[in-house]
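Written out below as structure tokens is the structure these notes cover.
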Amino acid sequence: MTYIAPSILSADFNQLGKDIMMINESEADFIHCDIMDGVFVPNISFGIPIVEHVKRIATKPLDVHLMIIDPDKYIEEFSKAGASWLTVHYETCPHLHRTVNYIKEQGVKASVCLNPHTPVSVLENIISEIDMVLLMSVNPGFGGQEFIPLTVRKVKELKKMIRDYNPGCLIEVDGGVNYETGKMLIDAGTDVLVAGSFVFKSDDPADTIARLKRM
Ligand code: DX5
Ligand code: ZN
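First residue of the sequence shown: 1219, per the working numbering; consecutive thereafter.
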């Protein structure tokens, strides 16, 4: 079964509550929250107060993607704000083992993200400790970018590593997901599809979520 995580980065922030209700009533599995600091990535999105507001009305677990430098500083606050999953970037964590354990100490699922240029092999010594790997299929920072096809090969390679060392670990892919790229990713072994613009720019977002899930 594929899990679907709509990214609210592409939601209408003038009516965020309405968009969260749409996700609540849809077949989505998680609500993906993109946190950008304008330093690690060339864009600023939203922070802890918005996550708290989303949490108040969300009936699905919050999947919080931290695109920020020094994420350790904010892990406790995002956990308290209601994150069920916290993803940190490999590229921002010099002491990744410590960071992953810190996330788990908060009672939150720990996930590690790789940028498109970062090879899957860097996860060899951490894969047994984590609950999910997030593979970026675009350079992080913006919604609506074009899918990088190399990601499909990375999913296959990661799947092998997961089979050997931690079969319960999920693979999530983020960026440029639509019916076509989503199908390739699922066939390669992806468990969770993040979709932002494809869901929110469609005529019927709830139906798009349902169709992605059924692929
Ligand atoms: C990109 C974010 C994504 C973004 C995906 O930096 O991490 O979650 O919302 O947007 P789409 O699905 O439009 O590529
Ligand atoms: Zn994301």
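Cβ coordinates follow ideal geometry from the N, Cα and C atoms, glycine included. Note that the structure is a prediction, hence the values are computed from the model and not measured.
Item: Rounded separation between Ile1427 and Gln1324 - CA only; Value: 30 Å
Item: Residue range of the unbroken beta strand (DSSP E) whose run includes Met1354; Value: Met1350 to Met1354
Item: Bounding residues of the alpha helix (DSSP H) (the contiguous stretch that carries Ser1415); Value: Ser1415 to Phe1418
Item: Closer than 7 Å: Met1285 CB and nearest the ligand COA heavy atom; Value: Among the ligands present in this structure, namely the ligand DX5 and the ligand ZN, the ligand COA is not found.
Item: Given 8 Å, three or more beta-carbon pairs between the stretch 1344-1355 and the stretch 1236-1253; Value: no
Item: Distance, Cys1331 Cα to Tyr1308 Cα; Value: 6 Å
Item: Beta-carbon gap between Met1219 and Asp1255 smaller than 8 Å; Value: no
Item: Residues of its chain near Val1412, where Cβ-Cβ distance is below 6 Å and the 5 sequence neighbours each way are ignored; Value: Ala1223, Ser1225, His1250 and Asp1392
Item: Short Cβ contact (8 Å threshold) for Thr1282 with Thr1305; Value: Residue 1282 is actually Val in this sequence, not Thr. Yes, the Cβ-Cβ distance between Val1282 and Thr1305 is below 8 Å.
Item: Val1410 beta carbon near the ligand ZN (any heavy atom closer than 7 Å); Value: no
Item: Distance cut-off 7 Å: His1307 Cβ against heavy atoms of the ligand ZN; Value: no
Item: CB contact flag (Ser1302, Phe1418, <8 Å); Value: no
Item: Between the CA atoms of Cys1387 and Val1269 - distance to the nearest angstrom; Value: 25 Å
Item: Segment contact, 8 Å Cβ cut-off, at least three pairs: the stretch 1368-1382 with the stretch 1314-1329; Value: no
Item: Ala1276 - DSSP class collapsed to helix/strand/coil; Value: coil
Item: Residues of its chain near Asn1242, where Cβ-Cβ distance is below 6 Å and the 5 sequence neighbours each way are ignored; Value: Thr1277
Item: Per DSSP, cross-strand counterpart(s) of Cys1251; Value: Val1282
Item: Alpha-carbon spacing of Ile1389 relative to Asp1409, whole angstroms; Value: 5 Å
Item: Assigned secondary structure, Thr1441 (DSSP; H/G/I helix, E/B strand, else coil); Value: It is not possible to answer for residue 1441, since the shown part of the chain is limited to 1219 through 1433.
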